[in-house]
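Data block below; observations after.
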Amino acid sequence: MPIIWNFPPDGEPQRRDFYDIRWNDDSEGSINSWVLSRTSAKIIIVKQLSLSKIAIFIAFAVAFGLIIYFFGKKLKKINNNFVWSVVLIAFVALMQGGIMYVFISGSPLMGKSKKGIEIISTGMRGQFGLEGLLVSALYC
Numbered sequence: 001m002p003i004i005w006n007f008p009p010d011g012e013p014q015r016r017d018f019y020d021i022r023w024n025d026d027s028e029g030s031i032n033s034w035v036l037s038r039t040s041a042k043i044i045i046v047k048q049l050s051l052s053k054i055a056i057f058i059a060f061a062v063a064f065g066l067i068i069y070f071f072g073k074k075l076k077k078i079n080n081n082f083v084w085s086v087v088l089i090a091f092v093a094l095m096q097g098g099i100m101y102v103f104i105s106g107s108p109l110m111g112k113s114k115k116g117i118e119i120i121s122t123g124m125r126g127q128f129g130l131e132g133l134l135v136s137a138l139y140c
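Counting in the working numbering, the sequence shown runs from 1 upward without gaps.
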């Protein structure tokens, strides 16, 4: 994990002149505010619009709409209690396994190491996507 140091022009850096990403927020906004408080230099952050995420969302929405349109009258099984119980148990197992953390933090599905592909994260703050799915499968 990187540590950002600020070397002031008047001498040695003090304890408050470093930003440890392991213990602080690693978002660009918090790092920008830390740099602004130490150096009074404003960094302009421009986030690009992710067209692929928009396209995937629209594709799923259209697919869901088409399924409801064509098969809506034939979906009588959705009122079955067994179907709802299976869906809810799968949802709880996924959330307990850490899938929501993986989506929020943007972790990759798998990682790389010197030995090859890494499924279980060795870091104390990280979790790969496949690791969350494995834990969810163990809960079921």
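The beta carbon of each residue, even a glycine, is placed where N, CA and C say it ideally should be.
Identify the continuous alpha helix (DSSP H) that holds GLU28 and give its terminal residues. 28-39
LYS47, DSSP secondary structure in three states: coil
Under 8 Å: do the segment 80-95 and the segment 105-122 share three or more Cβ pairs, one atom per stretch? Using a C-beta cut-off of 8 Å, the segment 80-95 makes no contact with the segment 105-122, since fewer than three inter-stretch Cβ pairs fall below that distance.
Quick check on this structure: which residue in ASP20, ILE21, TYR139, GLY11 has the alpha carbon closest to the alpha carbon of GLN96? TYR139
Could you name the residues of the same chain whose beta carbon sits closer than 7 Å to that of ASN32, not counting the 5 residues immediately before and after it, in chain order? ILE43, ILE45
Measure the C-alpha to C-alpha separation of GLY129 and LEU75 and round it to an integer number of angstroms. So the two alpha carbons sit approximately 31 Å from each other.
Starting from ILE3 and walking both ways along the beta strand (DSSP E), at which residues does that stretch end? 3-5
Measure the C-alpha to C-alpha separation of ALA93 and ALA137 and round it to an integer number of angstroms. ALA93 and ALA137 have their C-alpha atoms spaced approximately 8 Å apart.
Quick check: what's the CA-CA separation for PHE64 versus ILE54? 15 Å
Let me know the alpha helix (DSSP H) ranges lying completely inside the segment 79-131, each 4 residues or longer, listed in chain order. 81-97, 99-105
May I ask you to report which of helix, strand or coil DSSP gives ASP10? coil
According to DSSP, TYR19 sits in a beta bridge with which residue or residues? ILE4
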